Ligand SMILES: [Zn+2]
């Protein structure tokens, strides 16, 4: 019992300090003065976009974050900080929410929790009326669409802890003809949906390169996406390539950035040949064109 007296005094002392210096003492209690959080491009993020989350602090041996119920694993880099990707669902509710970062200096002790507000803004997505030809109208069946998208979303749930990517590049040079996230109405209200990728203009047969190093985890025909390839790049980052005229890889195959994985085509539900390029981070479809603007750090040395 006698040991409790100094602790009680310490707590009273801290409470007095908290009254006198509220910010400083709260930081002392959580240890958060030692942990800094940086978000690139910033603390305000549009729906469907991704930020690079950097955490710095002495002697961190493990780090994680949570935002809107999603766990974000953080990984050490070659410059001594910990990084991960904060991906915002295109359906996330706009407003301010709390990003919690958990850091451990020893796994025997509970983590330090450092929090900061992050604001989700409306995505500013466009609205698109799309006219699908009569012969492809069966592809507007809602059940068929749900099955097609469910199959892809199940693949997107995988998280490979190993990092295979270093950087990401556009799979083909072509110009963007349709941006990510658009609200789509097909054949005057027969079906509504969201645009889950970025469309690039290209002619049939244009070679499609892997956006980064990774492992092929899906390579088959789907009714809406047509001939579709998904590459797992590690850390919960996957890229998808749709409507291909030809698939040139098989599941399980390791590919390098720029390696030809297939050819542009017009398979599946299309108005004409193009490449539909998708990206998923931590299970969310995100804007791949915006992801390309992030300054991705190099991996930690082995
Ligand atoms: Zn598309």
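Numbering (our numbering), first residue to last: 61 to 362. Yeah, the Cβ is synthetic: ideal placement off N, Cα and C, and Gly gets one too. The structure presented is a predicted model; accordingly, all values stated were derived computationally and were not measured.
For the pair residue 320 and residue 268, the CB atoms are nearer than the 8 Å cut-off.
When the beta-carbon positions are compared, residue 209 and residue 108 stay at least 8 Å from each other. With a beta-carbon spacing of about 6 Å, residue 172 and residue 95 fall inside the 8 Å limit used to define contacts. In this structure, the straight-line span from the alpha carbon of residue 170 to that of residue 217 is close to 28 Å. When secondary structure is reduced to three states using DSSP, residue 333 falls in the coil class, being assigned neither helix nor strand. Straight-line spacing of the CA atoms in residue 164 and residue 125 works out to 12 Å. Within the chosen limit of 7 Å, ligand 1 does not reach the beta carbon of residue 288 with any heavy atom. Judged by their CB atoms, residue 134 and residue 143 are nearer to each other than the 8 Å cut-off. For residue 255, the closest alpha carbon among the candidates 234, 266, 187 is that of 187.
In the structure shown, residue 135 falls within a strand segment according to DSSP collapsed to helix, strand and coil.
Placement of the Cβ of residue 175 at a distance of 7 Å or more from every heavy atom of ligand 1 is found. For a cut-off of 8 Å, the C-beta gap from residue 323 to residue 248 is around 33 Å, too long to register as a contact. One Cα belongs to residue 349, the other to residue 258, and the distance between them is close to 7 Å. Short of 7 Å from the beta carbon of residue 261, and not among the five residues preceding or following it, lie these beta carbons of its own chain, in chain order: 234, 235, 237, 334. Shown in chain order are the residues whose CB sits closer than 5 Å to a heavy atom of ligand 1: 257, 259, 336. Within 10 angstroms of the beta-carbon of residue 315 lie 16 or more other beta-carbons, which makes it buried. In the DSSP annotation of this structure, the continuous segment of the alpha helix (DSSP H) that includes residue 212 starts and ends at 202–216.
Taking 8 Å as the cut-off, the beta carbon of residue 354 is found closer than this to the beta carbon of residue 100. Annotation: residue 283 to residue 162 spans about 42 Å, alpha carbon to alpha carbon. The three-state secondary structure of residue 354, taken from DSSP, is coil. By the neighbour-count criterion, in which 16 or more other beta carbons inside 10 Å mark a residue as buried, residue 106 falls on the buried side.
Sorting 351, 343, 356, 347 by C-alpha distance to the C-alpha of residue 214 places 343 at the top.
DSSP places residue 260 in the strand class (E or B) of the three-state scheme.
Residue range 274–282 is occupied by the beta strand (DSSP E) that includes residue 274.
Around residue 204, the same chain offers 283 as residues with beta carbons nearer than 6 Å, after the five sequence neighbours per side are excluded.
Taken through DSSP and simplified to helix, strand or coil, residue 94 comes out as helix. With respect to the C-alpha of residue 199, the residue from 337, 243, 358, 327 having the closest C-alpha is 327. Collapsing the DSSP output to three states places residue 111 in a strand.
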